[in-house]
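**Q** Each residue of the sequence shown is one higher than the last, beginning at 2 in the numbering used here.
For glycine and all other residues, C-beta sits at the position ideal for the given N, C-alpha and C.
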Amino acid sequence: MRSSDQPAIPAVPPAPQPADPVPATASLGLVEPRWEPDGSLDWRRVGAAVLRFRWLILAVTLLGGLVGVAATRILSPVYVAQGTIWIDESGRGDARGAVRGPIGPGQLLEREAWVDLLRSFAVLDYVVRAERLYLTVRPADRAALAPFDVAEHYRPGEYELAIDPSARYTLADANGTALERGVVGDSVGARLGFLWVPTREAIGTGRTIRFAVASIRDGARRLDESLDIRGDPYGNFLHLELRGSEPVRIAAIVNALAQRYVEVAAQLKRERLAELTKILDQQLAAAQENLRQAETALERYGTQTITLPSDRAPGGADRVPALGNFFDAQFERDQLRRDHEAVLRIVAQARDSGLSASALEAIPAVEHDPDLTQALKELVTKQADLRAFKYRYTDTYPPVQRLTAEIARLERETIPSLARTLAGELASREAALARRLDTGSRELRQIPARALEEARLRRAATLAENVYTTLQQRYEEAKLAEASTIPDVRVLDSAIVPQRPVRNTAPRVIMMALLASFGLAVVGAVLLDRGDPRVRYPDQISRELGLPILGALPHLQRHREERDNKGRVFEDVAQLVEALRGIGLNLVYAYGAAGPMLVTVTSPGPGDGKSFLTANLARTFAEGGHRTLLLDADIRRGVLHRRLSARRRPGLTDCLRAEVPFDAIVQPTAYPLLSFIGCGTRVQNAPELLNSQSMAQLLQRARAAYDVVLLDSPPLGGGVDPFILGTHTGNLLLVLRTAHSHRDVAAAKLEVLRRLPIRLLGAVLNDVPLGVGYRYYASYSYYLPGYQAEDEHQAHRPLAS
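#1: Can you tell me which residues form a DSSP beta bridge with leucine 243?
#2: Drop a sphere of 10 angstroms on the beta-carbon of threonine 601, count the other beta-carbons inside from all chains shown, and report buried for 16 or more, exposed for fewer.
#3: Alpha carbon to alpha carbon, how far is arginine 244 from arginine 130? Give it in angstroms, no decimals.
#4: Check each candidate in Ala465, Glu454, Leu551, Gly355 and name the one with the smallest Cα separation from proline 417.
#5: Is it right to say histidine 154 is buried, meaning 16 or more other beta carbons lie within 10 angstroms of its own, or is it exposed?
#6: Is glycine 625 closer than 8 Å to arginine 738 when the C-beta atoms are compared?
#7: Kindly examine the ligand MG and report whether one of its heavy atoms sits closer than 7 Å to the Cβ of leucine 734.
#8: What residue range does the beta strand (DSSP E) around glutamine 668 cover?
#9: Taking buried to mean at least 16 other C-beta atoms within 10 Å of its own C-beta, is alanine 665 buried or exposed?
#10: Would DSSP call aspartate 768 helix, strand or coil?
#11: Any idea if isoleucine 584 is buried or exposed, counting beta-carbon neighbours within 10 angstroms, 16 or more meaning buried?
#12: Between the C-alpha atoms of arginine 638 and alanine 671, what's the straight-line distance to the nearest angstrom?
#13: Counting C-beta neighbours from all protein chains within 10 Å, is the total for phenylalanine 238 16 or more, i.e. buried, or is it exposed?
#14: Quick check on the DSSP output: the beta strand (DSSP E) that includes asparagine 256 runs from which residue to which?
#15: Specify, as a first and last residue, the run of the alpha helix (DSSP H) that proline 549 falls within.
#16: Can you grab the Cα-Cα spacing for the pair leucine 136 / arginine 201, in whole Å?
#17: What do you reckon, are the CB atoms on arginine 643 and glycine 681 nearer than 8 Å?
#18: Determine which residues share a DSSP beta bridge with tryptophan 87 and list them.
#19: From arginine 55 to alanine 507, what does the alpha carbon distance come to, in whole angstroms?
#20: Classify threonine 615: buried if its beta carbon has 16 or more other beta carbons within 10 angstroms, exposed otherwise.
#21: With a floor of 4 residues, list each alpha helix (DSSP H) that falls wholly inside the region 346-400, ordered by position along the chain.
#22: Between the C-alpha atoms of tryptophan 36 and asparagine 587, what's the straight-line distance to the nearest angstrom?
#23: Out of Ala203, Glu290, Pro499, Pro234, point me to the one whose CA is closest to alanine 253's CA.
#24: Pick out whichever of Leu712, Leu631, Arg582, Lys750 has its Cα sitting closest to the Cα of aspartate 606.
#25: So if DSSP puts arginine 208 in a beta bridge, which residue, or which two residues, is it bridged to?
#26: Please report how far the alpha carbon of glutamine 473 lies from the alpha carbon of leucine 274, in whole angstroms.
#27: May I ask you to list the residues that DSSP assigns as paired with tyrosine 170?
#28: Would you identify the three-state DSSP class for arginine 535, choosing helix, strand or coil?
#29: Who are the near neighbours of alanine 764 in its chain, counting only those whose CB is closer than 6 Å to its CB and skipping five residues on each side?
#30: Going by the DSSP bridge assignment, what does isoleucine 678 pair with across the sheet?
#31: Among Ala553, Val589, Leu63, Leu700, which one has its Cα closest to the Cα of valine 769?
#32: With DSSP as the reference, label aspartate 655 as helix, strand or coil.
#33: Looking only at its own chain, which residues have a Cβ that is under 8 Å from the Cβ of alanine 147, when we skip the five neighbours before and after it?
#34: Straight-line CA distance for tyrosine 160 to aspartate 142?
#35: Would you tell me roughly how many angstroms separate the C-alpha atoms of leucine 119 and glycine 177, rounded to the nearest one?
#36: Since valine 255 and alanine 72 should fall inside the 8 Å C-beta cutoff, what is the C-beta to C-beta distance between them, to a whole number of angstroms?
Here it is, written out as structure tokens:
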């Protein structure tokens, strides 16, 4: 039961009263506040709050666990579908190396561009449309939208299809605006670009189907964000990975991406071969025209000179042995001069109108320069690549920009530089041949000029035929490659339907829900504890109210009067006894003044246990050898006479009204040296009687006759009585009951007390919980379990109920 309901119990006398005044600061460290804030968290208080709200914390934690379990029903496991694409890059490296066909397997795209091609909209848009990734629908409505498709142009948005029991439907947008009405079985949303003819069996009646249709490009962007592509920097593989909660669907998406990727790569290669074939066709036509002109010139010259005397010996041999060599050297010099001039002219024109690769390739000397020939081939190939890219991409596409920059560099720097080098070599060879011709010209001066011209024409026709033959061979190779294109990309590993999720979030979600709810419950418990206006902790008294704590009384459960088999009282009763002894000791040293001790005991409100503490303190002092007077000054509701089995009348009010003398109201008790005065007859003018001169005279007589005088006064909130009694005694002891006394009320009353000539000796905590709660107040307890004082030869009498 509560401490306020307990009877007086035996106690050991406190330490002797000092002869000289002792200041309050010397009260053995218990009078001064001991719970000063240091900026750190008081873990003992947190533990007490957790213990106090343990059932609330347990309930919140269990509720959080149930929420986590419910969340696992919503969160689906995550699966991963993986696929691998193989890219043939055997032709990458030295451009002069042997390649298979006009475009080598590794020359189609740069290594980084293969990943860009997989992320291009040419691949993603097709997959989004084929797999209907633009459609968002609830799982319960998927069967109804299984035949759903869209036209080339359609209207994205959120829609709602309501079917009434009569099998009529209404198609509305997200705002509820009706867009179309009809009968189930008709085409739904044809005006919006939907290709959807649901059957009555599929969609039923009396239901509402909600779905969202996004644009193809938005679906492609979402797919790109969810797709994980990892390229092998030193190999030929692309690894695709897609995560999702539907294993069949993500596997189908990965396979569709891989197949579409192979198709786009093959189509891109065919387009590049087509462009290359077109360029070679133009060059071949120019070479054929040059050959035709050379043959026509030779034929015309032979017709004109056929009737003239021949310069050849019988059998076709030259008349002069050096004639053939001279003509060859002269023809070569003229050809070198023409090639030299042509190269310089083309280089000069390149600064203004751009470089003509076909004109430069038509020069015979260029055909024999491997560096310049390879550069021209590279230029033609890159031009074909650029044209193929421009059919699909804009000029801002990185590969297009890169090809444009490479073509510009070849046309403005690399090829002109090689052409100027070739021109210098041709000039040097021309000068050397000129010196040779000057040396041998004397021997050949008699040879007719028509022989020289004929040799020159034959030489030109031969060179033109060689150029034409080379270009025709390349053209035929390009046409053959275009007709039988082998893609450089293949699907190495197709995605299979994953059977086990890679991440099961259910245990993690439940654990996080439990931890989060537990943490929230603990924080809530601490906040509730902080916001509790009741007195619960010593620091609330010492720091907030500014009162020294003289001791703490533990909480006693009901039916604790039973004895154990040895006849000893329980430990909690022993704790209460020692707590009363400690309070008596601290009160003596807090009082400090010489002579009799006169103290008024009060509390902020009713039920705080002030009467219990006053009666037991009086008994403690009496058993300690002090003449003690217990005065029930609660003349409105005094009950101490019941606790001590004494009479209430005549009492204090009767003496103050001069109806009975002082000696007539003093009653002896069952405890030696303890006297008692009851509250007396209930009267209406009781506060005036307490504030009268008769009350001061009564206390003066009590001071002269007793060592200790304790006044049990009404609560501070019960009227002016405790303030009057406090001014008479000059000393006040405040009783605060744990989890009952209101701090704000106590603080307000203390402000009134501090304006009166009353010394607040301190506070006593009553009804402190046992166990962990009482250990929190251990600084104010002098009891160690197992060390209770006992009478060795006399057993304790049972406590009165």
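**A** According to the data block:
#1: In the DSSP output, where bridge partners are listed per residue, leucine 243 has Ala82, Leu228.
#2: By the neighbour-count definition (other C-beta atoms within 10 Å, threshold 16), threonine 601 is a buried residue.
#3: The straight-line gap from Cα to Cα measures roughly 19 Å.
#4: Ranked by Cα distance from proline 417, the options Ala465, Glu454, Leu551, Gly355 are led by Gly355.
#5: Exposed, since its Cβ has fewer than 16 Cβ neighbours within 10 Å.
#6: In terms of Cβ geometry, arginine 738 and glycine 625 do not form a close pair [threshold 8 Å].
#7: This structure lacks the ligand MG, and indeed carries no ligand of any kind.
#8: Start and end: 667-669.
#9: So alanine 665 ends up on the exposed side.
#10: It is a strand residue.
#11: By the neighbour-count rule (16 or more Cβ atoms within 10 Å), isoleucine 584 is buried.
#12: When rounded, the distance between both Cα atoms is 23 Å.
#13: Exposed.
#14: First-last for asparagine 256: 248-305, but that is the alpha helix (DSSP H), not the beta strand (DSSP E).
#15: Here proline 549 belongs to no alpha helix (DSSP H), and DSSP marks it neither H nor E.
#16: So the alpha carbons of these two residues sit roughly 21 Å apart.
#17: No, the pair does not count as a contact, with Cβ atoms beyond the cut-off.
#18: Tryptophan 87 has Phe238, Arg491 as its beta-bridge partners, per DSSP.
#19: C-alpha separation (whole angstroms): 27 Å.
#20: Answer is buried; the Cβ neighbour count reaches 16.
#21: Runs found: 358-362, 365-368, 371-391.
#22: Only weak support exists for where tryptophan 36 lies, its pLDDT of 40 falling under 50; the coordinates are left without a value.
#23: Considering only alpha carbons, the answer is Pro499.
#24: Looking at the sequence provided, one finds glycine at residue 606 rather than aspartate. The option with the nearest alpha carbon to glycine 606 is Lys750.
#25: According to DSSP, arginine 208 bridges with Ile164.
#26: Roughly 16 Å between the two C-alpha positions.
#27: When beta bridges are read from the DSSP output, tyrosine 170 appears opposite Ile164, Gly183.
#28: Looking at arginine 535 - three-state DSSP - the assignment turns out to be strand.
#29: The beta carbon of alanine 764 is closer than 6 Å to those of Ile542, Leu548, Ile550, Leu735, Leu737 in its chain, skipping five residues each way along the sequence.
#30: Note: isoleucine 678 sits in a beta bridge opposite Leu632, Val667.
#31: Selected option, being the one with the closest Cα: Ala553.
#32: The answer is helix: DSSP assigns aspartate 655 an H, G or I state.
#33: Cβ contact annotation for alanine 147 (same chain, cutoff 8 Å, sequence separation greater than five): Ala203, in chain order.
#34: Cα-Cα distance, rounded: 13 Å.
#35: A direct Cα-Cα distance of roughly 40 Å separates leucine 119 from glycine 177.
#36: Wrong, their Cβ atoms sit about 29 Å apart, outside the cutoff.
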